[in-house]
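Asks: One line per chain: the protein sequences are A and B, in this order.
All letters in the first sequence, in the order written, are residues 1 to 134 by UniProt numbering.
All letters in the second sequence, in the order written, are residues 1 to 155 by UniProt numbering.
Here a beta-carbon is modelled for each residue, glycine too, at the ideal position from N, C-alpha and C.
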Amino acid sequence: MEGSKSSIIEKKFNVLIVDDAPGIRMMHNALLKSFGSNVETQVAENGKVAVDLCNSGKYFDIIFIDKHMPIMDGVQATRKLREMGVASVIVGITSCDTDDEVKPFVEAGLNECFEKPLTREKIKFVFEKFHKDG
Amino acid sequence: MEVALMQRRLEDYTKSLFMEGLLDAQFLQLQQLQDDSNPEFVREVVSLFFEDSQKLLNDLTSALDQQIVDFRKVDSYVHQLKGSSSSIGAQRVKNTCIVFRTFCEEQNAEGCVRCLQQVKQEYYLVKTRLETLYRLEQQVVAAGGSIPAVEFNSF
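1. Taking only beta-carbon positions, decide if residue 83(B) is within less than 8 Å of chain A.
2. Suppose you measure from the CA of residue 99(A) to the CA of residue 39(B); what does that come to, to the nearest Å?
3. Would you call the region 86-96 of chain A and the region 38-49 of chain A in contact, with 3 or more CB pairs under 8 Å?
4. Can you give me the Cβ contacts of residue 4(A) inside the same chain, cut-off strictly under 8 Å, excluding the 5 residues immediately before and after it?
5. Interface residues of chain A around residue 86(B) at Cβ under 9 Å?
6. Taking Cβ positions only, does residue 24(A) come closer than 8 Å to chain B?
7. By the 7 Å beta-carbon criterion, what residues does the region 24-51 of chain B contribute toward chain A?
8. Which class does residue 107(B) belong to by DSSP, given the choice of helix, strand or coil?
9. Indicate the three-state DSSP secondary structure (helix, strand or coil) for residue 1(A) in the structure shown.
10. Would you kindly check if the distance between the Cβ of residue 26(A) and the Cβ of residue 45(B) is under 8 Å?
11. Would you give the residue range spanned by the beta strand (DSSP E) that residue 44(A) belongs to?
12. Given a cut-off of 8 Å, decide if residue 108(A) and residue 75(A) are closer than it, judged by their beta-carbon atoms.
13. For residue 16(A), report the span of its beta strand (DSSP E) as first-last.
14. From what residue to what residue does the beta strand (DSSP E) around residue 66(A) run?
15. Could you give the DSSP three-state label for residue 157(B): helix, strand or coil?
16. Relative to the C-alpha of residue 102(B), which candidate in 19(B), 115(B), 21(B), 129(B) has its C-alpha closest?
17. Would you mind telling me which residues of chain B sit closer than 9 Å to residue 21(A), beta carbon to beta carbon, in chain order?
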């Protein structure tokens, strides 16, 4: 695999993965972990769990969130998180392929939005962009 | 059978899955995430994909079997299937979902039913072929060999 597990990312990132599909959560977790020990991850199975986690005082530098989920979807959760004043970088990961579908998600308060599948290249882009910004 | 021969057979079989378009580069990314600390990673992710997809296919069958089809519901299931299939690199399932969604948008029940048959066909094909792939891998490992790495640009 590209790079070693301890040296790819210099800054520490606390990352939350929000997706209702267990296989996708598992894969996204492994993708993020492949950037090394500076990346700490936690998973949530829907938007409500993510909101509750942030409400309990847990801070995440980056939240990767799916759009279509039961109980609370990505659009509702992103909007709620922003209303709560959550300043995390929120990255939408969606199967939507038209602007009309993506627009409400972005407008809810995303910093970035990518079409599935999430790849190492997309994650690297996010780490680099928000490492510089942060 | 000699280990080298078994490895060669496995390598050829893996390449055929990519050449036939059943899998794309995303599957290789999945394979690259597997290491000694998590030797069953790909198998576990793919099994979860199969479980999830089977449920979605059942839901789709039931939704398209109604007298009045709720196309938003159908589209939502297809959308989920597209996301999970693209995440594991099941390219032909994903491509069929893209066409399927256009029929949902047009509210074309006949087109949706045709696409459902096609997506089921693609799903069962990739499932069967991946099961064979794992059987071949297990045979190589049981014979004391290692799994040969396959590069996407090698075919």
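Replies: On the basis of the data shown:
1. yes
2. 39 Å
3. no
4. Reliability fails at residue 4(A), whose pLDDT of 47 lies under 50, so the model's placement of it is uncertain and no value is given.
5. 95, 115, 116, 117
6. yes
7. 26, 29, 30, 32, 33, 41, 44, 45, 48, 49
8. coil
9. Here the model assigns residue 1(A) a pLDDT of 48, short of 50, so the residue's position is not dependable, and the following value carries that caveat. Of the three classes helix, strand and coil, the one that applies to residue 1(A) here is coil, per DSSP.
10. yes
11. 39-44
12. yes
13. 13-18
14. 62-66
15. For chain B, the structure presents residues 1 to 155; residue 157(B) sits outside this window and is missing.
16. 115(B)
17. 48, 49, 52, 80, 83, 84, 87
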